[in-house]
Structure formats: structure tokens, C-alpha cells
Amino acid sequence: GEDVEQSLFLSVREGDSSVINCTYTDSSSTYLYWYKQEPGAGLQLLTYIFSNMDMKQDQRLTVLLNKKDKHLSLRIADTQTGDSAIYFCAEGEGSARQLTFGSGTQLTVLP
Amino acid sequence: GAGVSQSPSNKVTEKGKDVELRCDPISGHTALYWYRQSLGQGLEFLIYFQGNSAPDKSGLPSDRFSAERTGGSVSTLTIQRTQQEDSAVYLCASSPPARLTEAFFGQGTRLTVV
Chain A
1 GEDVEQSLFL SVREGDSSVI NCTYTDSSST YLYWYKQEPG AGLQLLTYIF SNMDMKQDQR
61 LTVLLNKKDK HLSLRIADTQ TGDSAIYFCA EGEGSARQLT FGSGTQLTVL P
Chain B
1001 GAGVSQSPSN KVTEKGKDVE LRCDPISGHT ALYWYRQSLG QGLEFLIYFQ GNSAPDKSGL
1061 PSDRFSAERT GGSVSTLTIQ RTQQEDSAVY LCASSPPARL TEAFFGQGTR LTVV
């Protein structure tokens, strides 16, 4: 079956770059997503990338996709304490109905 | 409101009781989804509503779970005869008609069955 895997924890110093990695198994994935969940809040869609793209940049966020290796990463430049949250990777075929989520990576930003 | 609203935010119930969880999607969003997030797990799809089409119930874990969506807007997820393994955060999301790839999530209902 489909599977999405992420490491559980990542700690970085404020001002450094964070890189959160994700691997997935479904080769038919059309879209790959990054969601952010802050304590007590719902999931916030940060960005998504279509499977025929290698990279997408949006301000401090850079998404890299290696479709051959089924590897997705999210880079956050100049990480701030407000970036501390759980980041979920998800894959799907074009509708949120078919999303498969990873277990989330807890990002802790240290002062 | 501006976002997806869920109520209650927290619910503690005794094993064997029925519970109802409510979701108010963003106005104008035709698609509505329910997911379940268990401790340390990713999100598990439960059910999907799209307009007037028959809902996709393929993710419901047992016949104790049901959901309805009235008037194409508010949705209620009902769990009958709750069990301890039903304890989880139940998340609702909605998508606008032209952007089904983008799901906007509510803050969730944390259900604890004791």
C-alpha cells in the first residue's frame, strides 16, 4: 500500500536553515504537499508541488522533489521560533480525498 | 467565519456512549473531508463529501462510524458505542470547487474515550 515516511524530530538554531525530508512509495502520486500544524491549531497547507516539477520556491520555503528516488524535502531558510511546529508531508492524486500523510516531523527552533 | 470550524474542540466520553462531532466548512467549499489523527500517527482518511454526489465512505473503520452533510454545508460525524481505540483528534477539511488539491483544515476535535 501507499506509505509516506518522515523522521520524527528535527532541532535547529534560530537563523539556520531547516531541511525536513520525506519519502513516499506511490509512484502515481500527482501532487506532494507540505502542511504545518501548530499546537492546538488545524493543519495549514504551506505549499504543494506537482510531480513533474523538481523545485518550487515560495519566499523562505523551497521544496525539492526527486521523483526517481521518491524523495521530497522542505527547506526553510532563516528559521524562526515561529516556525516551530509539526510538519506533515502528504501525497495524493489531485484531490484531498486521496491524501496519504506521513506521521509528521516535530521541528524545534532553539534560540 | 474565515476558516473551517469544528466543535467541540475537546470531548471526553465514557466507553459505550455515542458522540457527535460537528464541522462547519468554509462558505462556498463544495468538498468536505473527515480525517482521524491518532497519537503519533499520520492522518487517516475517513469520509469525503463532494457536492450532491454519494459520499466516499471507504475510510470509515467500522459501522459504528457514520457522517452526514446537510444542505451541502455543515457535516456531523457520529460515532456510536465509542471504544477506547476511537480516542484521537478528528479533523475536518474543505476544498473550493476549482481547487480540490487544496484542503483547508479545521483545528480538530480531540476525542477521549474513558
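Quick note, the sequences are listed as chains A and B, same order. Quick note: the first sequence, position 101, residue 101 per the working numbering, numbers continuous. Basically the working numbering = 1-based index in the second sequence + 1000. Idealized CB from N, CA, C, for every residue including glycine.
Is the shortest distance between the beta-carbon of Gly-1072 (chain B) and the beta-carbons of chain D less than 8 angstroms? No chain D appears in this structure, whose protein chains are A and B.
Leaving out five residues on either side along the sequence, give the residues of the same chain with a beta carbon under 6 angstroms from the beta carbon of Tyr-33 (chain A). Tyr-48, Ala-90
Span separating the alpha-carbon of Ala-77 (chain A) from that of Gly-15 (chain A): 8 angstroms
Interface flag, Ala-1103 (chain B) vs chain A, CB-CB below 8 angstroms: yes
Report the partner residues of Gln-1006 (chain B) according to the DSSP bridge assignment. B:Cys-1023
Quick check on Val-1012 (chain B): buried or exposed, where buried means 16 or more other Cβ atoms within 10 Å of its Cβ? Val-1012 (chain B) should be labelled exposed.
With a CB to CB cut of under 6 angstroms and the five nearest residues on each side skipped, what residues in its chain are close to Asp-3 (chain A)? Thr-25
Apart from the five residues just before and just after Ile-86 (chain A), which ones in its own chain have a Cβ nearer than 6 angstroms to its Cβ? Here the set comprises Gln-37, Gly-104, Gln-106.
Chain A contact for Leu-1046 (chain B) (CB, 8 angstroms cutoff): no
Val-109 (chain A) lies in the beta strand (DSSP E); which residues open and close that run? Counted as a single uninterrupted DSSP element, the beta strand (DSSP E) harbouring Val-109 (chain A) occupies residues 105-110.
Counting only Cβ-Cβ distances shorter than 8 angstroms, please list the residues of the segment 68-92 of chain A near chain B, keeping chain order. Taking 8 angstroms as the upper bound on Cβ-Cβ separation, chain B lies near residues Phe-88, Ala-90, Gly-92 of the segment 68-92 of chain A.
Tell me whether the beta-carbon of Gln-1006 (chain B) lies closer than 8 angstroms to the beta-carbon of Ala-1031 (chain B). no
If you check the beta carbons only, do Phe-1045 (chain B) and Leu-46 (chain A) fall under 8 angstroms apart? Going by C-beta atoms, Phe-1045 (chain B) is not nearer than 8 angstroms to Leu-46 (chain A).
Gly-1108 (chain B) CB to nearest chain A CB: under 8 angstroms? yes
Supposed contact pair Glu-1020 (chain B) and Thr-1112 (chain B) - C-beta distance, whole angstroms, cut 8 angstroms: Contact flag wrong, Cβ pair sits at about 15 angstroms.
According to DSSP, residues forming a beta bridge with Asn-125 (chain A): Here chain A has residues from 1 to 111 only, and residue 125 (chain A) is not among them.
Would you mind sorting Phe-9 (chain A) into buried or exposed? The rule is 16 or more other CB atoms within 10 Å of its CB. Classification for Phe-9 (chain A): exposed.
Chain A residues whose Cβ lies nearer than 7 angstroms to that of Val-1019 (chain B): Here the premise fails: no neighbours, minimum Cβ distance about 19 angstroms.
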